[in-house]
Amino acid sequence: MSRSNEWAIEVQEEEDRNRELDYQYEQYEAEMKWFEEHPFLETYSIFKEMLLQLKLMVSQRSNIFDSEMIYKMAYVHAVTLFEAMVGDILKATILAYPAFMQKMVSKLGEEKNNKFHITEIADLGLSGIVLGILNQQIYHNPVTVKKFVNMITGKVLPGTHMPAMHEVAERRHDFVHRNGKTINGESLAIDHDLIVSSINVIQCFAHDIFETIDTAMKEARGLHVPCQANSLKL
Numbered sequence: 001m002s003r004s005n006e007w008a009i010e011v012q013e014e015e016d017r018n019r020e021l022d023y024q025y026e027q028y029e030a031e032m033k034w035f036e037e038h039p040f041l042e043t044y045s046i047f048k049e050m051l052l053q054l055k056l057m058v059s060q061r062s063n064i065f066d067s068e069m070i071y072k073m074a075y076v077h078a079v080t081l082f083e084a085m086v087g088d089i090l091k092a093t094i095l096a097y098p099a100f101m102q103k104m105v106s107k108l109g110e111e112k113n114n115k116f117h118i119t120e121i122a123d124l125g126l127s128g129i130v131l132g133i134l135n136q137q138i139y140h141n142p143v144t145v146k147k148f149v150n151m152i153t154g155k156v157l158p159g160t161h162m163p164a165m166h167e168v169a170e171r172r173h174d175f176v177h178r179n180g181k182t183i184n185g186e187s188l189a190i191d192h193d194l195i196v197s198s199i200n201v202i203q204c205f206a207h208d209i210f211e212t213i214d215t216a217m218k219e220a221r222g223l224h225v226p227c228q229a230n231s232l233k234l
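Counting in the numbering used here, the sequence shown runs from 1 upward without gaps.
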């Protein structure tokens with residue numbers, strides 16, 4: 001390959017990188033504005049309300065021929081709501097509390113696979129890099145959720161509901177990718193009771209996440225946090 005061709009390829013790669021950085025920066029600015037206007041508590045409150053609406057929806061009588069499809073859609077949507085809520089409150093938290101962002105950066109610095117181009121750091125800044133990392137995560141995996149909640153808050157997310165949440169996430173995967181069959185070809189039954197019990201699991205795990213972050217926020221503001229956790233209202 002001639003030197004001129006190599007140069008042309010390098011120029012094209014640089015242009016592609018710059019376009020990607022421009023896009024990332026636009027997304028970063030949009031997210032900054034969104035989380036400034038929609039804080040942590042608002043995001044969590046909307047999430048709880050939408051789960052309640054799902055419960056009401058599946059409780060309505062429907063045609064027996066479409067009920068299974070509706071149930072599957074409701075089940076998958078409940079997990080999707082959870083994923084979106086977790087990602088949003090984590091991002092809202094680090095943007096509102098620089099000390100939490102610093103905790104996350106400190107922990108990320110210990111992972112050798114986190115490498116960034118100098119141009120990315122210059123253009124996006126620390127906040128943009130951290131938001132990008134959070135955007136890449138898959139939050140229906142409770143292990144991933146625990147990792148980042150612990151990393152940001154410096155606390156330990158209770159594992160009480162993690163096994164049940166893991167089952168919910170696995171079943172969601174079977175509904176989405178195998179139309180309700182396990183990897184062994186076994187068909188999974190779905191009905192109103194399964195959806196409601198699964199949403200209850202999601203609510204309980206989400207409550208633990210909220211309480212862990214909220215406690216860390218209060219401590220960061222110098223507020224007294226009672227030892228007894230507030231009771232969960234489903």
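Where a beta carbon is used, it is the ideal one built from N, C-alpha and C, also for glycine.
Cβ-based neighbour list, residue i, same chain, cut-off 7 Å, excluding 5 preceding and 5 following
i	result
L234	For L234, the pLDDT reaches just 47, beneath the cut-off of 50, and the residue's location in the model is therefore unreliable, leaving the point undetermined.
M104	I94, V130, M151, I152
E83	Y139, H140
T267	Residue 267 lies beyond the residue range present for the chain, which begins at 1 and ends at 234; the question has no answer from this structure.
Reference residue i, options the options, closest by Cα
i	options	result
K55	L194, P158, V176, H207	L194
G159	N135, H77, P142, L223	P142
M210	V58, M57, S59, A92	Sequence inspection shows Phe at residue 210; the Met mentioned does not correspond to that position. That would be A92, whose Cα lies nearest to the Cα of F210.
G132	H140, H177, L108	L108
H235	S198, P39, V176	The structure shown does not extend to residue 235, since the chain is modelled only from 1 through 234, so no value can be given for it.
E219	K155, K181, N184	K155
M73	M217, G185, G180	G180
A164	F205, E186, N135	F205
R221	V196, S106, P98, Q137	P98
Same chain, Cβ closer than 6 Å to residue i, five either side skipped, listed in chain order
i	result
T119	Unreliable placement is indicated for T119, whose pLDDT of 47 sits below 50; no coordinate value is reported for it.
F100	T93, I94, I152
A96	none
H166	P142
A216	T153, K155
Q137	T144
CB-CB length for residue i against residue j, believed under 8 Å
i	j	result
V86	V168	Not really, about 14 Å apart at Cβ, beyond 8 Å.
V58	H177	Not really, about 22 Å apart at Cβ, beyond 8 Å.
Spatial neighbours of residue i in its chain, beta-carbon cut-off 8 Å, leaving aside the 5 residues before and after
i	result
L157	V145, K146, V149, N150, D208, I209, T212
L188	R171, D174, F175, G180, K181, T182
N184	none
Given 8 Å, three or more beta-carbon pairs between the segment 163 to 182 and the segment 70 to 81
The segment 163 to 182, when compared against the segment 70 to 81, does touch it at the 8 Å Cβ threshold.
Extract the residue ranges of the beta strand (DSSP E) inside the segment 132 to 182, only unbroken runs of 3 or more that lie entirely within it.
As summarised for the segment 132 to 182, there are no continuous beta strand (DSSP E) elements at least 3 residues long confined to that stretch.
List, from N- to C-terminal side, the alpha helix (DSSP H) runs of 4 residues or more that fit wholly inside the segment 184 to 219.
List check, alpha helix (DSSP H) in window: nothing returned.
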